[in-house]
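Quick notes on the structure that follows.
Set out below in structure tokens:
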């Protein structure tokens, strides 16, 4: 059996990050369904946490290219990455497991030790399905 990552299984089709906001689409399949044919709420949690991590890491990568963020002299450059710390969500509308969903995220707080994102997930007709807040911890690797 071929091993695949969660990101591959989620079937995220697009991800566009610009500054402190992002938008993404995810195609739905039977993988995303709970027994009654609706999208499993845990899918939204995994999707949101993955997107917030990708966006935070894009911001951190951009910062590493800025001259003011580089090490001075022989000082080593510490690579920083974002890892999920907390996810809270409210699923407000069920969706049959077909078609796709769109996620839109906005950075609420950009601190030295964490990033806080608000993410809304919509259906094809722009109806809100889920609202979540994701906190990423910023760590040195």
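In the numbering used here, the protein residues as written are 36 to 176.
Here a beta-carbon is modelled for each residue, glycine too, at the ideal position from N, C-alpha and C.
Neighbour-count burial assignment, residue 144, 16 or more Cβ in a 10 Å radius: Only exposed fits residue 144, as fewer than 16 other CB atoms lie within 10 angstroms of its CB.
So, using beta-carbon positions, are residue 84 and residue 169 closer together than 8 angstroms? Yes, these two residues count as a Cβ contact at 8 angstroms.
DSSP three-state assignment for residue 127, whether helix, strand or coil: Looking at residue 127 - three-state DSSP - the assignment turns out to be coil, as it is neither helix nor strand.
By alpha-carbon positions, which one of 86, 37 and 174 ends up nearest to residue 61? When each option's Cα is compared against that of residue 61, the closest is 86.
Closest by C-alpha distance to residue 152, when choosing among 57, 75 and 130: Taking only the C-alpha atoms, the option nearest residue 152 is 57.
Thinking C-alpha only, which one of 175, 115, 82 and 39 is nearest residue 47? The residue from 175, 115, 82 and 39 with its alpha-carbon nearest to that of residue 47 is 82.
For the alpha helix (DSSP H) holding residue 76, just list the boundary residues, first then last. First-last of the alpha helix (DSSP H) with residue 76: 76-100.
Out of 174, 53, 38 and 162, state which residue places its alpha-carbon closest to the alpha-carbon of residue 119. Nearest option by C-alpha distance: 174.
6 angstroms CB neighbourhood of residue 130 in its chain, flanking five on each side removed: Only 74, 158 and 164 meet the Cβ criterion.
Would you kindly work out how many angstroms separate the C-alpha atoms of residue 41 and residue 65, rounded to a whole number? Cα to Cα, residue 41 sits roughly 15 angstroms from residue 65.
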